[in-house]
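Take a look at the structure below.
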Amino acid sequence: MGRIVLQKVSKKFGEIEVIPPLDLTIEDGEFAVFVGPSGCGKSTLLRLIAGLEDNTSGDIIIDGNTVTQVPPSKRGLAMVFQSYALYPHMTVRKNIGFPLRMEKMDQAEIDAKVNTAATSLNLTDYLDRKPGQLSGGQRQRVAIGRAIVREPLAFLFDEPLSNLDAALRVGMRMEILELHNKLKTTMIYVTHDQVEAMTMADKIVVLQAGVIEQVGSPLELYRAPRNLFVAGFIGSPKMNLITGPLAAKYGATTIGIRPEHIDVVASGGTWEGTVSVSEHLGSDTFLHVKVAGFEQVLTVRSIGDIAVKHGDKVSLSPRLGELHKFGADGLRIG
Amino acid sequence: MANRTIPRLLQTPAIVLLLFWMLVPLSMTLFFSFIRYVLASTNRPEWTSPSISNWRGFGNYQYVWNQDSFWLAIQNSLLIVCSILFLTVILGVAIAILINRTFPGRGIVRVLLISPFFVMPAVNAVLWINMLLDPVLGLQGAAVAGANDLVALLRDAPVVGSFFSLWPQFEPISFRATQTSAYAVIMMVTWQWTPFAVLILMTSLQSEDQQQKEAAILDGASRWSQFRFLTLPHLARPIAIVVMIQAIFHLSLYAEIEIVSRGNGNKNLPYYIGELVNNNIGAASATGIFAVILANIVAIFLLRMLGKTLME
Numbered sequence: 024m025g026r027i028v029l030q031k032v033s034k035k036f037g038e039i040e041v042i043p044p045l046d047l048t049i050e051d052g053e054f055a056v057f058v059g060p061s062g063c064g065k066s067t068l069l070r071l072i073a074g075l076e077d078n079t080s081g082d083i084i085i086d087g088n089t090v091t092q093v094p095p096s097k098r099g100l101a102m103v104f105q106s107y108a109l110y111p112h113m114t115v116r117k118n119i120g121f122p123l124r125m126e127k128m129d130q131a132e133i134d135a136k137v138n139t140a141a142t143s144l145n146l147t148d149y150l151d152r153k154p155g156q157l158s159g160g161q162r163q164r165v166a167i168g169r170a171i172v173r174e175p176l177a178f179l180f181d182e183p184l185s186n187l188d189a190a191l192r193v194g195m196r197m198e199i200l201e202l203h204n205k206l207k208t209t210m211i212y213v214t215h216d217q218v219e220a221m222t223m224a225d226k227i228v229v230l231q232a233g234v235i236e237q238v239g240s241p242l243e244l245y246r247a248p249r250n251l252f253v254a255g256f257i258g259s260p261k262m263n264l265i266t267g268p269l270a271a272k273y274g275a276t277t278i279g280i281r282p283e284h285i286d287v288v289a290s291g292g293t294w295e296g297t298v299s300v301s302e303h304l305g306s307d308t309f310l311h312v313k314v315a316g317f318e319q320v321l322t323v324r325s326i327g328d329i330a331v332k333h334g335d336k337v338s339l340s341p342r343l344g345e346l347h348k349f350g351a352d353g354l355r356i357g
Numbered sequence: 231m232a233n234r235t236i237p238r239l240l241q242t243p244a245i246v247l248l249l250f251w252m253l254v255p256l257s258m259t260l261f262f263s264f265i266r267y268v269l270a271s272t273n274r275p276e277w278t279s280p281s282i283s284n285w286r287g288f289g290n291y292q293y294v295w296n297q298d299s300f301w302l303a304i305q306n307s308l309l310i311v312c313s314i315l316f317l318t319v320i321l322g323v324a325i326a327i328l329i330n331r332t333f334p335g336r337g338i339v340r341v342l343l344i345s346p347f348f349v350m351p352a353v354n355a356v357l358w359i360n361m362l363l364d365p366v367l368g369l370q371g372a373a374v375a376g377a378n379d380l381v382a383l384l385r386d387a388p389v390v391g392s393f394f395s396l397w398p399q400f401e402p403i404s405f406r407a408t409q410t411s412a413y414a415v416i417m418m419v420t421w422q423w424t425p426f427a428v429l430i431l432m433t434s435l436q437s438e439d440q441q442q443k444e445a446a447i448l449d450g451a452s453r454w455s456q457f458r459f460l461t462l463p464h465l466a467r468p469i470a471i472v473v474m475i476q477a478i479f480h481l482s483l484y485a486e487i488e489i490v491s492r493g494n495g496n497k498n499l500p501y502y503i504g505e506l507v508n509n510n511i512g513a514a515s516a517t518g519i520f521a522v523i524l525a526n527i528v529a530i531f532l533l534r535m536l537g538k539t540l541m542e
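Those sequence lines, one after another, are chains R and A. Everything in the first sequence is counted per the numbering used here, starting at 24 for the first residue and increasing by one. Everything in the second sequence is counted per the numbering used here, starting at 231 for the first residue and increasing by one.
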């Protein structure tokens, strides 16, 4: 159904090539997340798929049909925007029903579909309000409702949660995932937040400067980042990347070790260092440790209940099995 | 209490000034409207100066109320104001949408579009009635003459000649005539005030949310549907403002009426008052009070109609 294939798709704005030709396949029913720093072209890629931008070359194939020349509304996609993009003069009911009204659907049928969508999104009490009278989370749900009623081949989400506060974001994340489990429709989700990517995705597409750095499941990316960029981008706190003679000792230009793969031991660890900052989160403690001979400060994730403070000496023992090695070209070795 | 007295004392001069500004003319008008006050009254010289002894009660009001010309003036006032509002809003929306896109020379086009607004009303009227609408010397005369010449030429042409020989001679329209002078006023004021509507509506169009439009495109809305369901509701508020401001301004049109035909056929309420004031100040004042009432009715009507849009 909603299998989306990009073949040699590229995009130029004038002379500037924001997306060099790229290939990508998103399987039917998959939850794909495009993630990358701002300006990496992830939103542009989404807009190319939606048809809001025309691709300069290549082909976009949705459900077996080449849609490169097809107008946005005929591609069978629904999009949820960062700013919600609700129609401010219409009630929630009219907002959700708008795409159906544009299809010239029967009014009774529209009402039925709107009511079903509203019930599944807990919006029944707000149907006669206008978007201005709703909270951020409710507005986002209306935007999702407007997408659902169209029964699209695929949903496109453009940073839908970035305007919500942190607590609401976690809740909406779950709601979107539940929606995906229920509808089993292809979803493409754009975000700059790697936590969202890791928690939601079946398939993560890491982008940088319009180039796909790596495609894979969250754990694939976590376990085996293909290059330094992905290594630094996926995982929180960020992976420690160490260069210099120490890396050379392991036969690499750069070695990477995740904060959770360094243990704090009583004594006799591989590295000895001084704690510069310790962040107590309750469940975990993040230690920032200065180790003699390292340029960077090491981040170490430790158990929550550890009595370490600024200036304390600690002994660190990295799990060598979890060490990532990168060559001079930034690519993974082994 | 003391800390309140001082600010109030300091406000007093401004308030007193404003009160006088409003109350003195209004109460004088009210007073004159209840007395006999006729400037050229040779038979009754005592009427030529305002005095309480010339009390007439509601006589002036009754006199004005029974004049056909008074009702004609009200009718003309409403016709002119409503027509101008209707035309400027439609033209304003159309032009604002047309120039709200990037094209070469947009800056110059915008400046040219705004420029009619900076022409003085009297100059505007003189230009239109003499240079554009004049049936002999104006553009209209030239255009009609040209069209007649063309038809005359085509009458002699082969094949189509028989068709054009059925055509009548075009007659230029005199816009100073009783039947047409109001249209001339409507045309010239519309030309002058459309830029005002364009200016306000254009700024509003620029603040329109582009993501909403994209969402509508994805929802399958045609260009017309986007205009009908997104742009037009977005413009409701600025249109309300344009209508309110223009209604206030155009109820008091004077220069154009004077220049086009001196009130022949297009006499509105201010012009009617102006004529009465030359002699019968009592009746003019009574008409003035009627005008105040009419303006208030229009204002209440507009506020009721548009208030909802403005409050949202």
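Even for Gly, the Cβ is constructed at its ideal location relative to N, Cα and C.
The continuous beta strand (DSSP E) containing R:Ala177 extends over residues 177-181. The secondary-structure analysis by DSSP pairs R:Arg342 with nothing; it has no beta-bridge partner. The Cβ neighbour count for A:Pro388, taken over all protein chains shown within 10 Å, is under 16; the residue is labelled exposed.
For R:Lys205 and R:Lys136, the gap between their C-alpha atoms comes out near 17 Å.
Around R:Met125, the beta-carbon contacts reaching into chain A at under 7 Å are Asp449, Gly450, Ala451, Ser455. The segment 62-71 of chain R makes contact with the segment 215-230 of chain R: 3 or more CB pairs, one atom from each, lie closer than 8 Å.
Of A:Leu253, A:Met418, A:Gly450, the smallest CA-CA separation from A:Asn360 is found for A:Met418. Within the same chain, and ignoring the five residues on either side of R:Gly99 in sequence, the residues whose Cβ sits closer than 6 Å to its Cβ are Pro175, Leu176. Residue environment analysis places R:Thr142 among the exposed positions, since fewer than 16 neighbouring C-beta atoms fall within 10 angstroms of its C-beta. Think of a sphere of 9 Å around the beta carbon of A:Asp439: the chain R residues whose beta carbon falls inside it are Ser106, Ala108, Pro111, in chain order. A:Leu302 has its alpha-carbon roughly 45 Å from the corresponding atom of A:Arg385. A contact is defined here as three or more CB-CB pairs under 8 Å, and the segment 309-329 of chain A fails this definition with respect to the segment 488-495 of chain A. When DSSP states are grouped into helix, strand and coil, R:Gly279 belongs to the strand group. Identification of residues in the segment 484-505 of chain A having a C-beta nearer than 7 Å to some C-beta of chain R yields an empty set.
Contiguous alpha helix (DSSP H) elements confined to the segment 369-414 of chain A occur at 369-385, 391-394, taking only those with 4 or more residues.
Around the Cβ of R:Arg324, a 10 Å sphere holds 16 or more other Cβ atoms; the residue is buried. Classified as exposed, A:Gly287 has fewer than 16 neighbouring CB atoms from the shown chains inside 10 Å of its CB. Within the DSSP secondary-structure output, R:Lys34 pairs in a beta bridge with R:Ile42. It is roughly 9 Å from the alpha-carbon of A:Arg406 to the alpha-carbon of A:Asp364. At a cut-off of 7 Å between beta carbons, A:Ala445 contacts chain R.
Using beta-carbon distances, A:Pro463 counts as an interface residue toward chain R, with a partner under 7 Å. A Cβ-Cβ contact shorter than 7 Å links R:Thr276 with R:Gly350. For R:Ser340, the closest alpha carbon among the candidates R:Pro282, R:Ile72, R:Asp148, R:Glu126 is that of R:Pro282. For the 7 Å CB-CB criterion, A:Gln441 and A:Leu460 do not form a contact. Residue range 307-314 is occupied by the beta strand (DSSP E) that includes R:Lys313.
Distance between R:Ser96 and R:His303, taken at the CA atoms: about 50 Å. Taking 7 Å as the CB threshold, R:Met102 lines the interface with chain A. Per DSSP, A:Gln442 has no beta bridge partner at all. Among the residues of chain A, those whose CB is under 7 Å from the CB of R:Ala73 are Leu448, following chain order. In this structure, A:Leu431 keeps its C-beta atom at 7 Å or more from the C-beta atom of A:Gly337. Counting along the chain, A:Tyr267 sits inside no beta strand (DSSP E), nor does DSSP assign it H or E at all. Among the CB atoms of chain A, none fall inside 7 Å of the CB of R:Phe349. In the structure shown, R:Asn88 falls within a strand segment according to DSSP collapsed to helix, strand and coil.
If you keep only unbroken beta strand (DSSP E) runs of at least 3 residues inside the segment 94-137 of chain R, you get 100-103. In the DSSP assignment, R:Val218 falls within the alpha helix (DSSP H) that extends over 217-223.
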